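Each number in the numbering used here corresponds to the 1-based position in the sequence shown with 24 added. Where is the CB? At the ideal position from N, CA and C, for every residue including glycine. It should be emphasised that the depicted structure is a prediction, and the values quoted were computed from it without experimental measurement. Here the structure comes first, spelled out in structure tokens, and everything after it is commentary.
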Amino acid sequence: MIFSATLMMALATGLTTQAEQAKKHPYQDVKRPVEERVADLVARMTLEEKLGQLTQLTLGQNTNHNNIADPVGDVAGETGSVIYFGEDPEIHNLMQEKALKTRLGIPVLFGYDVIHGFRTIYPISLAQAASWDPELVELACAVAAREARASGVAWTFSPMIDVARDPRWGRIAEGYGEDAYTNGVFAAASVRGYQGSDMSAADRVAACLKHYVGYGASEAGKDYVYTEISRQTLWDTYLPPYQAGIEAGAATVMSSFNDISGVPGSANPYLLTEVLKNRWGHKGFVVSDWGSIQQLVNQGVAADNKEAALKAFTAGVEMDMMNGAYAPHMAALIDEGKVTMAQVDDAVSRILTLKFQLGLFDKPFVKVVPESERYLQPASLAVAEKLAEESIVLLKNKDGLLPLSADVKRIALIGPMVEGDTHLLGSWSFHGREEDVFGILEGMKGEFGGKAELLIARGSDFDGEDRSGFEEAVRAASAADVVVLCLGEKKQWSGENASRSTIALPEIQQALAEEIARVGKPVVLVLSNGRPLELRGLEPIAESIVELWQPGVAGGRPLAGVLSGRVNPSGKLAVTFPYSTGQIPIYYNHRQSARPWGGQGLYQDIPSTPLYDFGHGLSYTTFQYGDVVLPKTEFTVGEKFTVRISVRNSGDRSGIETVHWFINDPVCSISRPVKELKHFERQEIPAGESREFVFDIDPLRDLGYVDADGRHFVEPGDYFIIVGEARVRIVLK
Ligand code: GLC
25 MIFSATLMMA LATGLTTQAE QAKKHPYQDV KRPVEERVAD LVARMTLEEK
75 LGQLTQLTLG QNTNHNNIAD PVGDVAGETG SVIYFGEDPE IHNLMQEKAL
125 KTRLGIPVLF GYDVIHGFRT IYPISLAQAA SWDPELVELA CAVAAREARA
175 SGVAWTFSPM IDVARDPRWG RIAEGYGEDA YTNGVFAAAS VRGYQGSDMS
225 AADRVAACLK HYVGYGASEA GKDYVYTEIS RQTLWDTYLP PYQAGIEAGA
275 ATVMSSFNDI SGVPGSANPY LLTEVLKNRW GHKGFVVSDW GSIQQLVNQG
325 VAADNKEAAL KAFTAGVEMD MMNGAYAPHM AALIDEGKVT MAQVDDAVSR
375 ILTLKFQLGL FDKPFVKVVP ESERYLQPAS LAVAEKLAEE SIVLLKNKDG
425 LLPLSADVKR IALIGPMVEG DTHLLGSWSF HGREEDVFGI LEGMKGEFGG
475 KAELLIARGS DFDGEDRSGF EEAVRAASAA DVVVLCLGEK KQWSGENASR
525 STIALPEIQQ ALAEEIARVG KPVVLVLSNG RPLELRGLEP IAESIVELWQ
575 PGVAGGRPLA GVLSGRVNPS GKLAVTFPYS TGQIPIYYNH RQSARPWGGQ
625 GLYQDIPSTP LYDFGHGLSY TTFQYGDVVL PKTEFTVGEK FTVRISVRNS
675 GDRSGIETVH WFINDPVCSI SRPVKELKHF ERQEIPAGES REFVFDIDPL
725 RDLGYVDADG RHFVEPGDYF IIVGEARVRI VLK
């Protein structure tokens with residue numbers, strides 16, 4: 025659809041003049057407070073117009089393979105919101121022009137899944153968490169916001185902050201790992217990055233915390249299924265990231281698909297109203313997930329879509345995403361006295377409030393700039409590359425094989441990921457393009473060109489049975505000094521509707537690795553994947569293992585930099601890597617066994633410890649932790665205090681160290697995990713120097729716990745502060 029810039033400018037100018045002339049109602053007066061404008065507008069609306077605002081449809085070519093909606097119909101101007109699959113601001117402007125021509129001229133709210141970048145795709149969230157750099161993640165979200173808003177998208181369905189402990193579940197890729205505190209820190213950073221201090225700015229968007237709540241507990245790692253979550257676990261594991269996001273000012277929340285112990289997330293009054301609105305005071309609105317209202321029928325809590333609409337709306341879901349539930353049934357529900365107009369007005373008011381806060385009424389059109397100015401700006405690419413670099417985790421480095429010695433003159437670059445550029449984008453990267461990716465091969469050529477010869481052989485596909493490429497790969501390995509073996513997952517293997525029964529890589533990749541191992545050259549295993557992998561078959565084969573994750577458009581250069589030593593890896597896992605799929609769920613903050621001795625109750629056939637722990641990550645330098653420094657060891661329950669530790673870089677090169685501060689409460693009225701992350705700090709430490717790391721402890725926040733009613737408490741008694749190898753006892757009186 026080609027529109028001349030002149031025509032669009034004329035339309036925009038013309039409409040502005042028309043809108044200026046039409047400014048005769050208070051809701052159109054930009055000088056009035058938002059509350060007044062909303063109240064005036066709602067008072068003027070018919071029921072049909074109100075129901076239009078509670079409805080979200082789609083606009084643009086639907087490219088999300090998990091949600092096959094109808095080809096886009098003719099979206100009515102009275103529609104409250106659309107999921108915009110396009111990226112053309114001119115289509116956005118035409119839709120807004122249509123909306124402004126309706127009786128009340130309410131602009132449409134354009135939403136989209138901007139999960140880890142819009143066009144400048146940066147690492148998946150599970151990788152971002154391994155950077156332990158919330159400031160950089162905030163910057164990355166600001167880049168995404170700028171690109172999204174330039175296309176007309178003013179609302180992102182992000183951040184996804186579902187604590188996940190089962191890597192068979194494909195959506196573990198989308199969140200910040202297995203720990204509630206970590207997800208909360210990155211939730212707040214994302215909200216700040218997306219929303220900034222003024223959402224009406226041309227480079228900011230509204231955030232949406234999802235999927236509220238407990239979706240990560242999906243039974244057996246499948247998707248859309250039941251989740252058994254006690255009230256206690258809701259409060260101590262799944263709700264905290266959402267509370268952090270709400271406290272950071274998140275504009276919206278998305279209700280989840282999953283059945284939460286008999287009450288689905290999209291029809292759960294306790295969570296959607298009692299907790300979110302009454303206790304946390306959330307003034308924004310809740311949008312359902314795609315179809316999650318009509319799916320209440322499948323889940324057996326509603327007889328039909330009308331009853332589903334009633335259950336979801338009265339539970340506290342304000343906007344209907346692609347269910348066709350509210351618009352057709354709400355009038356009857358009101359006539360039957362099951363829904364009140366006051367409830368409808370509250371929902372509409374929440375949605376209109378966000379539209380005013382986003383500036384959609386006063387600046388409904390997007391300035392159309394050329395695509396080259398909208399996306400992939402050098403500063404944006406630099407943020408993506410830096411985040412990819414900081415997300416890389418060095419899992420293993422036997423005999424210091426890495427960084428590669430200058431004596432290495434021939435590198436065999438083998439595996440399906442060597443040129444699997446599109447898969448480096450990861451899930452939820454629909455506006456990302458393969459041609460945007462600076463891939464592994466490019467990175468290696470750039471880094472090692474003129475220093476080492478690259479012998480390239482794909483060896484095999486990601487899956488399947490075809491071993492015909494093995495011979496060429498063996499020849500390359502035989503002729504090389506070192507093998508860099510690049511394996512991993514296709515981007516479709518994680519994300520939504522991407523559950524896998526095993527987290528081991530397909531047999532063909534394992535067979536290729538074993539064939540290469542038989543050549544006898546040192547092997548660096550590079551992994552690009554969207555979930556923790558079972559590596560027990562690969563770990564013995566590789567001297568070094570580098571977790572690249574799915575780094576987005578700028579992965580090749582950081583990876584090559586790590587292999588050459590230009591980059592000192594600093595990433596640490598925010599999710600446990602099980603030794604075997606059979607160990608799942610396995611996570612660091614587990615409760616203590618009743619018999620934690622002598623292997624009681626553990627597996628008879630495999631180890632019961634993970635291959636790589638939460639927080640694991642190696643560096644090219646070494647860090648020595650000093651003693652924990654406390655002002656004293658006894659405190660009153662309400663007394664805040666500071667704990668310190670000095671860390672020294674005892675190696676010969678600068679490095680970045682993230683210090684994780686854990687606590688343990690060995691005796692509590694509710695059993696508690698063996699350790700709980702409560703703070704982390706990341707600093708660069710030059711070789712030979714030391715830096716002090718500090719944890720300001722507030723006993724209620726950091727030593728206390730929460731009960732099944734969401735009550736936070738702290739009890740007198742012994743506590744342990746765990747940092748590095750240290751475990752220091754303190755007493756609360
Ligand atoms: C999907 C996902 C959700 C996404 C929404 C819109 O089904 O569950 O994360 O935001 O639909 O695409």
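Taking the Cβ of Asp344 as the reference point, every heavy atom of the ligand GLC lies at 8 Å or farther away.
The alpha-carbon separation between Tyr350 and Gln256 amounts to approximately 33 Å. If the five residues before and after Val752 are omitted, its C-beta is found closer than 6 Å to the C-beta atoms of Val652, Ile745, all from its own chain and listed in chain order.
Here the distance from the Cβ of Phe134 to the nearest heavy atom of the ligand GLC is not below 8 Å.
The beta carbon of Asp386 sits closer than 6 Å to those of Val54, all from its chain and outside the five residues before and after it, given in chain order. When distances are taken from the beta-carbon of Lys234 to the heavy atoms of the ligand GLC, the shortest one is below 8 Å. Secondary structure at Arg68: helix, using DSSP grouped into helix, strand and coil.
Proximity to Ser568 across Leu587, Arg555, Ser105, Trp193 peaks at Leu587, based on C-alpha coordinates.
Between Asp460 and Ala403, the alpha-carbon positions lie close to 15 Å from each other. Per DSSP, the unbroken alpha helix (DSSP H) holding Lys410 starts and ends at 402-415. When the alpha-carbon of Met223 is set against those of Glu342, Leu384, Ala151, Ile139, the nearest one is in Leu384. A straight line joining the alpha-carbon of Ser149 with that of Tyr108 spans about 22 Å. Bounds of any alpha helix (DSSP H) do not take in Tyr200, whose DSSP letter is neither H nor E. Check the Cα spacing between Asp186 and each of Gly269, Pro530, Arg499, Pro113: the tightest is with Gly269. Restricting attention to alpha helix (DSSP H) runs no shorter than 4 residues, the stretch 527-582 encloses them at 531-541, ordered along the chain. Restricting attention to Thr79, Ser484, Tyr611, the CA atom closest to the CA of Ser632 is found in Tyr611. Apart from the 5 residues on each side of it in sequence, Gly470 sits with its Cβ closer than 8 Å to the Cβ of Gly580, Arg581, Ala584 in its chain, given in chain order.
DSSP places Tyr636 in the strand class (E or B) of the three-state scheme. When the five nearest sequence neighbours on each side are left out, the beta carbons in the same chain lying within less than 7 Å of the beta carbon of Leu478 are those of Ile435, Leu437, Met468, Lys469, Phe472, in order along the chain. In the structure shown, the three-state DSSP call for His116 is helix. Contact between the stretch 512-520 and the stretch 548-565 is present, with at least three C-beta pairs closer than 8 Å. For Tyr743, the enclosing beta strand (DSSP E) has its first and last residue at 741-747. The alpha carbon of Thr682 has as its nearest neighbour, out of Lys596, Thr660, Ile721, Pro634, the alpha carbon of Lys596.
Runs of the beta strand (DSSP E) lying entirely within the stretch 633-707 and spanning at least 3 residues, in chain order: 647-653, 665-673, 679-688. At a Cβ-Cβ threshold of 9 Å, Ile565 and Glu658 do not count as neighbours. Distance check between His703 and each of Arg725, Gly712, Ile694 places Arg725 closest, using alpha-carbon atoms only. With a 10 Å radius around the Cβ and a threshold of 16 neighbouring Cβ atoms, Ser693 comes out exposed. Beta-bridge partners of Gln80 (DSSP): Ser105, Met345.
Annotated three-state conformation of Trp179 is strand, per DSSP.
Looking from the CA of Arg303, the closest CA among Glu749, Pro697, Gly622, Arg735 belongs to Arg735. A distance filter of 5 Å between CB atoms and the heavy atoms of the ligand GLC selects the following residues in sequence order: Asp137, Phe181, Asp313, Trp314.
In the DSSP assignment, Thr276 is bridged to Cys232, Phe309.
Relative to the Cα of Thr446, the nearest Cα in the group Asp431, Asp487, Lys433, Gly463 belongs to Gly463. Assignment of Thr251 by DSSP, reduced to helix, strand and coil, places it in the strand class.
The straight-line gap separating the alpha-carbon atoms of Ile317 and Glu531 is approximately 40 Å. Counting only residues of its own chain and dropping the five nearest sequence neighbours on each side, Ser525 has a CB closer than 7 Å to the CB of Arg192.
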